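Visitor:
In our numbering, the protein residues as written are 9 to 145.
#1: What is the DSSP secondary structure of residue 90, reduced to helix, strand or coil?
#2: Go ahead and pull the three-state DSSP assignment for residue 84.
#3: In whole angstroms, what is the alpha-carbon distance linking residue 45 and residue 37?
#4: Just to confirm the assignment: which complete alpha helix (DSSP H) runs, minimum length 4, are found wholly within the segment 30-116?
#5: Alpha carbon to alpha carbon, how far is residue 78 from residue 85? Give it in angstroms, no decimals.
#6: Would you kindly work out how many angstroms separate the C-alpha atoms of residue 125 and residue 116, rounded to a whole number?
#7: Exposed or buried, which one is residue 102 when buried takes at least 16 other CB atoms within 10 Å?
#8: Could you tell me the distance, in whole angstroms, from the CA atom of residue 100 to the CA atom of residue 93?
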């Protein structure tokens with residue numbers, strides 16, 4: 009490899025001669041150099057084509073994955089919205105039920121308190137358990 013590298017780096021002296029002065033060995037050097045350069049160019053071009061094909065394949069795979077992911081995200085968002093709606097309905101129901109139960113309890117407590125006040129007024133005793141002067145009802 010080192011020998012080939014040296015040949016590539018050496019300037020070709022045959023190109024400086026006129027066509028009549030070039031020998032057969034000079035022409036062979038020019039031909040082999042041109043052939044080597046052409047092979048290198050073809051190899052680079054083939055490598056570039058291979059790389060481009062690989063890039064296209066990977067890009068297609070990435071695009072397909074992106075589309076699948078977007079579809080899945082849209083479906084997931086729909087499922088999430090439905091779940092949120094269900095949870096909201098349940099929470100609303102529980103809240104309404106809780107408010108109803110609290111109102112019933114409050115009504116019972118108020119009715120007991122009103123009944124106690126009424127009994128206290130009727131029996132002329134203090135609601136707070138103290139003997140105080142009472143007013144007529």
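Built from N, CA and C at the ideal position, the CB exists for glycine as well. Keep in mind the model is a prediction, meaning the values are calculated, not measured.
Guide: So, from the data block:
#1: helix
#2: helix
#3: 12 Å
#4: none
#5: 10 Å
#6: 14 Å
#7: exposed
#8: 10 Å
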